[in-house]
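Below: the structure, in C-alpha cells.
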Amino acid sequence: MPPIQDKHSSQELLQAQVNLWHHALGFVKSMALKCAMELQIPNTIQHHGGLMTPSELATKIGLHPSKLPRLRRLMRVLTISGIFAVHEAASPGKEVVYGLTPTTRLLVGDEVKSNLFPILSLMLDSTVIAPFLGMHSWFLDEHSTSLFKKAHSLNFWEMAEQDDTYNQILNNAMVSDSNFLTDIILRECGDVFLGINSLIDVGGGHGGAARAIVNAFPQMKCTVLDLPHVIAEAPSDVHVSFISGDMFKYIPPANALFLKVNSLEVSSSLAIQHIII
C-alpha cells in the first residue's frame, strides 16, 4: 500500500493534522471555561461595568503578577471561542479590554431565570468528566450499561443519594436548568397550561419549574414529587407543595403531569408510562 502522503496533497495532509489536533485538544476549551467560572471572571467583569483590562482583572481576582501572561492566554482561548469579547486597545501601548457576550451573560448571577452557572458547574465537575476517561473499557465490558456507573460503581442518582456535596451540585444544576427552560416554555407555549387546575412535577427536584409555572398561573395547585433525599433539601414554598416518593411506584393524581426526561433508558420510560396509565 502506497504511503498516505502519495495520495493527498500537502494542504490536505496539514488540514487533516489540524482536524486531529482540534479533536485531541478540544478539552482545553472546556477546562478554560471551567477555570474562568471558578475564578469568577464572568461576575467580576459584570460587576466592573462589563469591561476590564487584563491587569485590572488579574488584580481583582487576586492573581500574582507572574500569572498575568497566562491569564492573557486563558482569555485568548475564551475570546476566540466566543465566551468573552475582546476590544482592541484605544491607543498603542495600552491593554486590550475584555467584555461579556450573550453567552457569558448566561453565567452571571444577577438574573436567576437565565443563570446557567450551576448546571455548567455540574457538567464540568470531575465526577461527571472522569467516566469519559475510561470510555474504551466501558465499551469492552458487555455487562456494563452505564458509563457513569462503570467509573463510580453507582449510577447518577445513586451517587446523589450517597454524596451530600454531589447531591447539592446536582440539585442546584437541576433548578438552574428548569428555571431557564421553563421561562422559555411559558413564554413560547404557555397556553398548554390553560385550564389546568392541578399539576404534579414528576422528579421536579427543588421546584424550580413548578415555581415558575405557579407564578404564571396562580390558580394552579402545583406539587413536586421526588425522592426523599431530594425533598429533604428543598426550600419551603407557600405556593408549591412537596411530596417524597418513587415515581416508578406511585404518582399522585392530578389534571396534568409535568416531566422533564433526561436520557432515561427505554425500560425506565416504559415504567413511567405504566404508572401513568
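Each residue of the sequence shown is one higher than the one before, starting from 1 at the first, in full-length UniProt numbering. Yeah, the Cβ is synthetic: ideal placement off N, Cα and C, and Gly gets one too. These figures come from a predicted structure and were not determined experimentally.
Within the UniProt domain "O-methyltransferase C-terminal" (136–260), the complete beta strand (DSSP E) segments at least 3 residues long are 198–202, 221–226, 240–244, 256–259, listed from N- to C-terminus. Listed in chain order, the non-local C-beta contacts of residue 89 below 7 Å within the same chain comprise 95, 96, local neighbours out to five positions each way being set aside. In the DSSP assignment, residue 97 is bridged to 87. In the three-state reduction of the DSSP assignment, residue 120 falls in the helix class, which pools H, G and I. In this structure, DSSP gives residue 39 a state outside helix and strand, which the three-state scheme calls coil. In the structure shown, the three-state DSSP call for residue 51 is strand. In the DSSP assignment, residue 133 falls outside any alpha helix (DSSP H) and carries neither an H nor an E. Residue 183 places its beta carbon 8 Å or farther from that of residue 151. In the structure shown, the three-state DSSP call for residue 102 is coil.
Contact between residue 108 and residue 46 holds: their C-beta atoms lie close to 4 Å from each other, under 8 Å. For residue 19, the enclosing alpha helix (DSSP H) starts and ends at 10–24.
The way I'd put it, the stretch 15–34 doesn't touch the stretch 61–68; fewer than three beta-carbon pairs between them come closer than 8 Å.
Residue 181 and residue 91 have their C-alpha atoms spaced approximately 43 Å apart. Between residue 42 and residue 75, the CB-CB gap reaches or exceeds 8 Å. Going by DSSP, residue 77 is part of the alpha helix (DSSP H) stretching over 68–80. Each residue's CA atom was taken as its position, placing residue 202 and residue 137 some 34 Å apart.
The Cβ-Cβ distance between residue 37 and residue 117 falls below 8 Å.
Ranked by how close their Cα comes to the Cα of residue 34, the residues 121, 83, 105 have 121 in first place.
Contact check for residue 256 and residue 199: beta-carbon distance about 5 Å, within the 8 Å limit, so the pair qualifies.
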